DNA sequence: TTCGTTTCCGAAACCGATTTTGTTGACTTA
DNA sequence: TAAGTCAACAAAATCGGTTTCGGAAACGAA
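Protein chains in written order, with the numbering used here: chain A, 660 to 1027; chain B, 660 to 1027.
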C-alpha cells in the first residue's frame, strides 16, 4: 500500500534537485527567469517523485480556491429536479476541463440558502457561485451583489442586473407556443404554471399572455392556474381548468412534469390527448418521449446551459466585466404527439368530461 | 458594499482583545486551559467582528478538508441519472448538518475516473470518497483500497470488501419479484437487464434466476436480454423478448427507465399492460406513477441511501473500523397497475403481437 | 520563606505553497 | 579597471490558522 496521505511536498522536490523551493514553484508557475537546464532538472524530479502541489497551501497564499459553489433548493416539492441533475452535469464537465471543482450544497429555505452562501464565503471555500432557479426578487442575488462576491445566474430577476447571467427566452417560447396552438385551431388555451416567485414561471405566464394578446384573443383568467411544479400539480391543474363549463382545448404547461400530470388526468378521464385535449410541456425530459402520447415540449439543453454559466463565471473571476456576460437563448419546440387540432369544441369537451367525472378513472387514482 | 473578501482574520480578533492569536484559536477549539473571563472577552470579540476562521488555513495545518468527494460516471447513456440526483441530495442534506461539504466531479471513462480521484487526493481537496454504481470488478475500489484512502461505496463488488458499504438487497428483491409474478399466474417471465459489469445489474439478473430456480421453473436464456439502461433499451428489450414464438407474459426490468420503455413498446403494439403483458420496474421514480398504466416498481429511498453512506464515511474518517459499516437494505414493492394476471397464454400473446408487428405503431415511432 | 504545582497565556514553530527581496557571478560598457 | 547590468537563483516573508513549548503569576505545602 503506497502512501498518498503524507505525500511529497515542494520541499521534497527542492531537496531532491538541490535548489530552493521558490525555484521549484517558479518553474511550475511558468516564470521565465529560470535557466532551461534547471527547469528540466526540476520538471524531471517533479515527474519522478509524482509531486502534485497541495491545493490547500496554494489557495492559502493565492486566496483563490479553484472551486465554484452551487446551492440547490430542495424540499419545495419532493425529490430532485431532473433539470438540475443535467445542469450540474454540464457544469462539472466544463470545470473538469479547466481543473476547477464544484462544491454542491443544498438548502431547504431562503434563510438557509443565504446562511449557506455566507458560510462558504466566510470560510473561503469557493471563489464564486452559480445561482439557479432565480426568483423574481431573489435574496441571493441581492446578498451577493451587496457583498461584491462573484456569481452568475441561470435566469434573470427583477433586480438591476449588473451581474452575469444566462437565460432562456421564456416569454418568446410561450408566446410562440400560444401562436402554435392557435394555428392548430385552438381558441381557448389554458395555462398551468408555477409560483410566480420563480422568475421563469412568471416569464412563461407572461409569454402566454402576450401570445394571446398578439393574436387579439380575449383573455380569460379562469384559464390560468398555478400549481406545484410536479406531476401532481399538473394533474390538479388539468382538473381545475378542464372541469369548467367552457374548458380550454389546449393546455400549455410551464414544465414537463406538469404536462405529464395533465396528460394523466386527461387519460384517466377518457379524454384523448392530442385531439380532445392538446398538452404541451417545457424541458425536453427524455421520459417525455415515452409518455403516452409522446409529449410535445419546448427544450433547451440543461447540460449546455451548465457549461455556459460555468465559463461565464470563470471569465468574471478573471476580472472581466460581469455585465458583458449576459446571454439569452431560444428554446425550440419538439413536436411529438400530444398536440393537434381540437376534435371537440370547448363546450362539447366540457360536457364529455363532466359525464366522466362521476365515473371511476381508468387506472388507480393518481394525484387525486 | 461591505467587504467579505479581505475579511477579518484571527489576528484581528487577537489584536482587538489584546491577546495572542494562539489564545483565540484555543478558545475557538474548546481548550480548557483558558480562564472564563478571557474566554468570554474573546467570544464577544469574535461575535462583534463577525469572525469566521478560514477553512483553507485551518485545513493546511490540520490536514483535513471537511469535504467529501463524489465522482459520477456520465456519458454512458445520455443525460443524468435520476437516481443520482436524489442520492446527491441525500448526501448534501446529511453533510450540511455536520458542516461538511460535497465536491462533485464527473468522469466519462474508467481511466478518467481514476485520474480524477487521483488528482483530488494528490491536491488534498477531499477527505474521502463516496463511490456509486459499483462495478463487479471496480477499479475505483481497487485503487482506493490500495492507497488506503477512506471511502464508502453504495453497492458492493466482487473484490474483498474490507471497506464500508451500503447496498440494497437486489437479489432478494428480484427473486421476490419473480415469485410475485409466478403467484399472479405467469409461467414465462422475462428479464430486461443492463451490462453485467455493473454490480447491481448482475445481482438483479442473479436474483431473477434464483427466483425461477426456487420455484422449480425451467429457465430459458432466450427470456433474458441485456440493454442500455434507459427507455430506449427497454423498448428494444421488450421487442426482443416479446416477438418470440413463446414470449414471456411478464417482464421484470432492472430499472424504471427500462420498464417505461418496455411499456411503451407494448402500448405501441396494441398490448395491454397489466393484463396482456405485465411489467415491473425498479427505482420508484416519481414519474412512474404517471405512466400509463402506473408502474409497479421496487423502491428504495435514494435520498436516504445518500444520507446513510455520508454518515458511514464520516465515521470511517473518525477512525472507526470501515468493516463495521456494512449494511444491506431491503427494497419494497410498490404495486400500481402495470402488473396483473396474464390475460393470454404465451402462445396467444405471440400471435397477437406478430399480427401487429407489420402494422403501424399507434403513436410516433419511439425507439425504433 | 522557599520550593513545587497549577493555571493561564504569550511566543514561536509549523502546515505547504507563492511571492518578494536580495545576492552572486558573468558580462557589458566607459 | 571600475562601475553598471543582467540572468539565475537563494533566502525569507507571507497567507491564516493550529499546536507545542515554555514562562510568569498565583497558589499551596513544607
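Beta carbons are placed, not taken as given, at the ideal position from N, Cα and C, and that holds for glycine. This structure is a prediction, so every number in the text was calculated from the model and none was measured.
Please classify residue 819 of chain A as buried or exposed, where buried requires at least 16 neighbouring CB atoms within 10 angstroms.
Taking the first residue of the first chain as position 1, residue 819 of chain A is located at position 160. For residue 819 of chain A, the number of other beta carbons within 10 angstroms of its own is below 16, and it is reported as exposed.
Excluding five sequence neighbours on each side, which residues of the same chain lie with their C-beta closer than 6 Å to the C-beta of residue 894 of chain A?
Residue 894 of chain A sits at position 235 when you count from the first residue of the first chain. Closer than 6 Å at Cβ, skipping near neighbours: 920, 923, 924 and 1026.
Simplified DSSP state of residue 826 of chain B, which is helix, strand or coil
Taking the second chain and counting its residues from 1, one reaches residue 826 of chain B at position 167. Note: residue 826 of chain B maps to strand in three-state DSSP.
Quick one: does residue 762 of chain A have its CB under 8 Å from some CB of chain B?
Locating residue 762 of chain A in the first chain gives position 103, counting from the first residue. With respect to chain B, the C-beta atom of residue 762 of chain A has a partner C-beta closer than 8 Å.
Could you name each continuous alpha helix (DSSP H) segment of 4 residues or more that falls completely within the region 870-948 of chain A, going from the start of the chain to the end?
For the region 870-948 of chain A, whole alpha helix (DSSP H) runs of length 4 or above, ordered along the chain, are 890-901 and 915-927.
For residue 973 of chain A, the first and last residue of its enclosing alpha helix (DSSP H)
Position 314 of the first chain, counted from the first residue, corresponds to residue 973 of chain A. Where residue 973 of chain A is concerned, the enclosing alpha helix (DSSP H) stretches over 961-976.
How about residue 798 of chain B: is its C-beta nearer than 8 Å to some C-beta of chain A?
Locating residue 798 of chain B in the second chain gives position 139, counting from the first residue. Closer than 8 Å: no.
Test: residue 821 of chain B CB closer than 8 Å to a CB of chain A:
Taking the second chain and counting its residues from 1, one reaches residue 821 of chain B at position 162. Answer no: the Cβ-Cβ gap between residue 821 of chain B and chain A never drops below 8 Å.
Reducing DSSP to helix, strand and coil, say where residue 810 of chain A ends up.
Walking along the first chain from the start, residue 810 of chain A turns up at place 151. Three-state DSSP puts residue 810 of chain A in a strand.
Which of the three DSSP states is assigned to residue 1000 of chain A in this structure?
Translated into positions along the first chain, residue 1000 of chain A becomes position 341. Reduced to three states, the DSSP call for residue 1000 of chain A is coil.
Measuring CB to CB, does residue 673 of chain B end up less than 8 Å from residue 686 of chain B?
In the second chain, the residue the question calls residue 673 of chain B occupies position 14. In the second chain, the residue the question calls residue 686 of chain B occupies position 27. Not closer than 8 Å, so no.
Going by other Cβ atoms of all chains shown within 10 Å of its Cβ, with 16 needed for buried, is residue 763 of chain A buried or exposed?
Against the first chain, residue 763 of chain A aligns to sequence position 104. Buried, because 16 or more other Cβ atoms sit within 10 Å of the Cβ of residue 763 of chain A.
From residue 662 of chain A to residue 974 of chain B, what distance separates their C-alpha atoms?
Start at 1 with the first residue of the first chain, and residue 662 of chain A comes out as number 3. Start at 1 with the first residue of the second chain, and residue 974 of chain B comes out as number 315. Because residue 662 of chain A sits at a pLDDT of 39, beneath the cut-off of 50, its placement in the model cannot be relied upon, and the point is left open.
Residue-chain proximity (residue 919 of chain A, chain B), Cβ-Cβ < 8 Å
As a position in the first chain, residue 919 of chain A is number 260, starting the count at 1. For residue 919 of chain A, the answer is yes, since a Cβ of chain B falls inside 8 Å of its Cβ.
Which residue comes first and which comes last in the alpha helix (DSSP H) that contains residue 780 of chain B?
In the second chain, counting from the first residue as 1, residue 780 of chain B sits at position 121. Run containing residue 780 of chain B: 769-781, per the alpha helix (DSSP H) assignment.
Limits of the unbroken beta strand (DSSP E) element including residue 732 of chain A
Here residue 732 of chain A corresponds to residue number 73 of the first chain, with the count starting at 1. 726-732 is the span of the beta strand (DSSP E), which, as asked, contains residue 732 of chain A.
Residue range of the unbroken beta strand (DSSP E) whose run includes residue 991 of chain A:
Residue mapping note: residue 991 of chain A aligns to position 332 of the first chain, counting from 1. Annotation: the continuous beta strand (DSSP E) that includes residue 991 of chain A extends over 991-993.
Could you work out which residues of chain B lie near residue 620 of chain A, taking near to mean beta carbons separated by less than 7 Å?
No answer is possible for residue 620 of chain A: it lies beyond the span of chain A, which begins at 660 and ends at 1027.
Quick check on the burial criterion: 16 or more other C-beta atoms within 10 angstroms. Buried or exposed for residue 817 of chain A?
Taking the first residue of the first chain as position 1, residue 817 of chain A is located at position 158. With a threshold of 16 other beta carbon atoms within 10 Å, residue 817 of chain A falls short and is exposed.
Cα separation between residue 1023 of chain A and residue 953 of chain B?
Residue numbering aside, residue 1023 of chain A sits at position 364 when the first chain is read from its first letter. Residue numbering aside, residue 953 of chain B sits at position 294 when the second chain is read from its first letter. Confidence is the limiting factor: at residue 1023 of chain A the pLDDT is only 42, short of 50, which leaves the residue's position unreliable and the question unanswerable from this model.
Helix, strand or coil: which one does DSSP assign to residue 820 of chain A?
Residue mapping note: residue 820 of chain A aligns to position 161 of the first chain, counting from 1. In the structure shown, the three-state DSSP call for residue 820 of chain A is coil.
Starting from residue 1016 of chain B, trace the alpha helix (DSSP H) in both directions and tell me its first and last residue.
For the purposes of this step, residue 1016 of chain B is identified with residue 357 of the second chain, where counting begins at 1. Taken as a continuous stretch (DSSP letters only), the alpha helix (DSSP H) holding residue 1016 of chain B covers 1005-1016.
Applying the criterion that 16 or more other CB atoms from any shown protein chain within 10 Å of the CB defines a buried residue, is residue 889 of chain A buried or exposed?
Taking the first residue of the first chain as 1, we reach residue 889 of chain A at position 230. Result: buried.
Would a C-beta distance cut-off of 8 Å place residue 759 of chain B and residue 791 of chain B closer than the cut-off?
Indexing the second chain from 1 puts residue 759 of chain B at position 100. Indexing the second chain from 1 puts residue 791 of chain B at position 132. No. Outside cutoff.
Residue 751 of chain B versus residue 714 of chain B - alpha carbon distance
Numbered from its first residue, the second chain carries residue 751 of chain B at position 92. Numbered from its first residue, the second chain carries residue 714 of chain B at position 55. Whole-angstrom Cα-Cα distance: 18 Å.
Could you give the residue range of the beta strand (DSSP E) that holds residue 852 of chain A?
Start at 1 with the first residue of the first chain, and residue 852 of chain A comes out as number 193. First-last of the beta strand (DSSP E) with residue 852 of chain A: 848-852.
What residue from A/835, A/825 and A/863 has the CA that sits closest to residue 991 of chain A's CA?
The count along the first chain starts at 1 and reaches residue 991 of chain A at position 332. For the residues A/835, A/825 and A/863, the minimum Cα distance to residue 991 of chain A belongs to A/835.
Backbone secondary structure at residue 692 of chain B - three-state DSSP
Position 33 of the second chain, counted from the start, is the residue given in the question as residue 692 of chain B. Note: residue 692 of chain B maps to coil in three-state DSSP.
Measuring alpha carbon to alpha carbon, tell me which residue in A/1006, A/740 and A/941 is nearest residue 902 of chain A.
To locate residue 902 of chain A, count along the first chain from 1; it is residue 243. If we check each option's Cα against that of residue 902 of chain A, A/1006 comes out closest.
Can you find a C-beta in chain A that's less than 8 Å from the C-beta of residue 981 of chain B?
As a working note, residue 981 of chain B is residue 322 in the second chain. Among the residues facing chain A, residue 981 of chain B is not included, as its CB has no counterpart in that chain under 8 Å away.
On the three-pair Cβ rule with 8 Å, is the region 1008-1019 of chain B touching the region 924-943 of chain B?
The answer is yes - the region 924-943 of chain B touches the region 1008-1019 of chain B, with three or more Cβ pairs under 8 Å.
Let me know if residue 898 of chain A comes out buried or exposed under the rule of 16 or more other beta-carbons within 10 Å of its beta-carbon.
For the purposes of this step, residue 898 of chain A is taken as the residue at position 239 of the first chain. Under the 10 Å beta carbon count, residue 898 of chain A is surrounded by 16 or more other beta carbons and is classified as buried.
Between the region 765-789 of chain A and chain B, which residues of the former have a C-beta closer than 7 Å to a C-beta of the latter?
From the region 765-789 of chain A, only 765, 780, 781, 782, 783 and 784 have a Cβ closer than 7 Å to chain B.
Tell me the DSSP secondary structure of residue 956 of chain A in three-state form.
Looking up residue 956 of chain A in the first chain gives position 297. DSSP places residue 956 of chain A in strand when its eight states are reduced to three.
Would you check if there are 3 or more beta carbon pairs closer than 8 Å linking the region 835-846 of chain B to the region 799-818 of chain B?
Fewer than three pairs of CB atoms, one per stretch, sit closer than 8 Å, so the region 835-846 of chain B makes no contact with the region 799-818 of chain B.
Using CA atoms only, rank isn't needed, just tell me which of A/746, A/907 and A/810 is closest to residue 1000 of chain A.
Walking along the first chain from the start, residue 1000 of chain A turns up at place 341. Residue 1000 of chain A has its Cα closest to that of A/907, out of A/746, A/907 and A/810.
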